[in-house]
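Student:
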Amino acid sequence: MSAFLGPIHHKMYGKCNAQSELAFAIAAFSDKQGWTQTAQTDLKAQFPLLDGALEDLIDTSNIHGWLSNQVELAEARLATAVQCAVGQEKDRSAVLLEFIQQYAKDLASSRHTPAQDCAGLWQLMDLYWVDGMPCDRVVHVASREDGSIDWSIDAQAHEKGWEDATILPYALLRWTWVQAFAERQGFVATQSEDLFFHLAQEG
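Quick note on the numbering used here: the sequence shown kicks off at 30 and runs consecutively.
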């Protein structure tokens, strides 16, 4: 990445914040369900979320390192929130997935007008998830056509913090979100295996 702030840096910062919003929403939902009492407060104390413009926060002498750290923190927030909420409780896992579905649908309808095509929708969905740094090449687009797009995500990039921590795997959480977001936008998402997605327009 360059030594000067540009669109990619702002995009990465936005992705970190968006995924962190999901983590805090999960913690708040856990408290509301009575599974926990202070999950949201504890998460904010353990992983405080930066507030302000990127230009005022970033270490301009180490842009790549600073953003890499924010990526790691965003991943840790999500893993910690899910672990705290679900743990090893199967019943909680199912309920949380229902919450994730609704959360994704609300995002798709409240913050965005319908995407014009699969490429546009894929770009929208990409704004909400952290997949390492751009140079890590975690996301691989296998095919991109007028009416569909196929892509995969390197699972190893999301292993840290999820190892035996919960019965709700990262891949299932991500898939639930993708499917619900696409459906609300009027598209169809399918999955051939964990983190291998196909997106097509309805009809």
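Ideal Cβ positions, reconstructed from N, Cα and C, are used throughout, including at glycine. As the structure is a computational prediction, the values presented were derived from the model and not from experiment.
Please name the residue in L72, A186 and Y157 whose C-alpha comes closest to that of Q112.
Tutor: Sequence index remark: in the sequence shown, residue 112 carries index 83 (1-based). For the residues L72, A186 and Y157, the minimum Cα distance to Q112 belongs to L72.
Student: Would you mind giving the Cβ-Cβ distance between I182 and A148, rounded to the nearest angstrom? I have them listed as a contact below 8 Å.
Tutor: In the sequence shown, the residue the question calls residue 182 occupies position 153. In the sequence shown, the residue the question calls residue 148 occupies position 119. That belief does not hold up - the Cβ atoms of I182 and A148 are roughly 17 Å apart, past 8 Å.
Student: Helix or strand or just coil, what does DSSP make of V167?
Tutor: Residue mapping note: residue 167 aligns to position 138 of the sequence shown, counting from 1. If DSSP states are grouped into helix, strand and coil, V167 belongs with coil.
Student: Can you name the residues that DSSP bridges to S181?
Tutor: Indexing the sequence shown from 1 puts residue 181 at position 152. H169 and F225.
Student: In the DSSP assignment, what are the bridge partners of F216?
Tutor: For the purposes of this step, residue 216 is taken as residue 187 along the sequence shown, with counting starting at 1. Beta-bridge pairing links F216 to Q230.
Student: Relative to the alpha-carbon of F226, which residue among L197, G215, S172 and A103 has its alpha-carbon at the smallest distance?
Tutor: Taking the first residue of the sequence shown as position 1, residue 226 is located at position 197. It is S172.
Student: DSSP three-state call for M41: helix, strand or coil?
Tutor: Numbered from its first residue, the sequence shown carries residue 41 at position 12. It is helical.
Student: Let me check understanding here. Comparing Cα to Cα, which of C45, P36 and I55 lies closest to Q131?
Tutor: Residue 131 sits at position 102 when you count from the first residue of the sequence shown. Measuring from the Cα of Q131, the nearest candidate turns out to be I55.
Student: Where does the unbroken alpha helix (DSSP H) through V111 begin, and where does it stop?
Tutor: Numbered from 1 along the sequence shown, position 82 holds the residue referred to as residue 111. Segment I92 to V115, the alpha helix (DSSP H) holding V111.
Student: Count the C-beta pairs between the segment 133 to 140 and the segment 203 to 218 that are closer than 8 Å, then say yes if the count reaches three, no if not.
Tutor: Yes, the segment 133 to 140 is in contact with the segment 203 to 218.
Student: Looking at the secondary structure, which residues open and close the alpha helix (DSSP H) in which V159 lies?
Tutor: Position 130 of the sequence shown, counted from the first residue, corresponds to residue 159. Segment: none, V159 is in no alpha helix (DSSP H) and carries neither H nor E.
Student: Thinking C-alpha only, which one of V124, K119 and L83 is nearest Q99?
Tutor: On the sequence shown, position 70 is the one that residue 99 refers to. Out of V124, K119 and L83, L83 has the C-alpha closest to the C-alpha of Q99.
Student: When we look at the beta-carbon of D160 and count the other beta-carbons within 10 Å, is it buried (16 or more) or exposed?
Tutor: Within the sequence shown, residue 160 is the residue found at index 131, counting from 1. That one is buried.
Student: Going by CA-CA distance only, name the one from Y157, R203 and Q214 that's closest to K235.
Tutor: Within the shown structure, residues of the chain are numbered from 30 to 232, placing residue 235 beyond reach of any answer.
Student: With a CB to CB cut of under 7 Å and the five nearest residues on each side skipped, what residues in its chain are close to T219?
Tutor: As a working note, residue 219 is residue 190 in the sequence shown. Once the five neighbours on either side are set aside, the close Cβ partners of T219 are H227.
Student: For M30, which residues in the same chain have their Cβ closer than 8 Å to its Cβ, ignoring the five residues on either side in sequence?
Tutor: On the sequence shown, residue 30 is found 1 positions in, with the first residue counted as 1. Any reading at M30 must be qualified, since the residue scores a pLDDT of 48, below 50, and its modelled position is unreliable; the value itself is stated next. Excluding sequence neighbours, M30 sits near I37, H38, I92, H93, L96, M162, P163 and C164.
Student: Note down the Cα distance separating A47 from G215, rounded to an integer number of angstroms.
Tutor: Numbered from its first residue, the sequence shown carries residue 47 at position 18. Numbered from its first residue, the sequence shown carries residue 215 at position 186. Computed Cα separation, rounded: 22 Å.
Student: Suppose the cutoff is 6 Å on Cβ atoms and the five residues either side in sequence are ignored; what does the same chain contact list for W204 look like?
Tutor: By one-based count along the sequence shown, residue 204 stands at place 175. Same-chain partners within the cutoff: Q220.
Student: Return the residue from the list A144, T109, L78 and Q185 that minimises the CA-CA distance to G176.
Tutor: Taking the sequence shown and counting its residues from 1, one reaches residue 176 at position 147. Of the candidates A144, T109, L78 and Q185, the one whose C-alpha sits nearest the C-alpha of G176 is A144.
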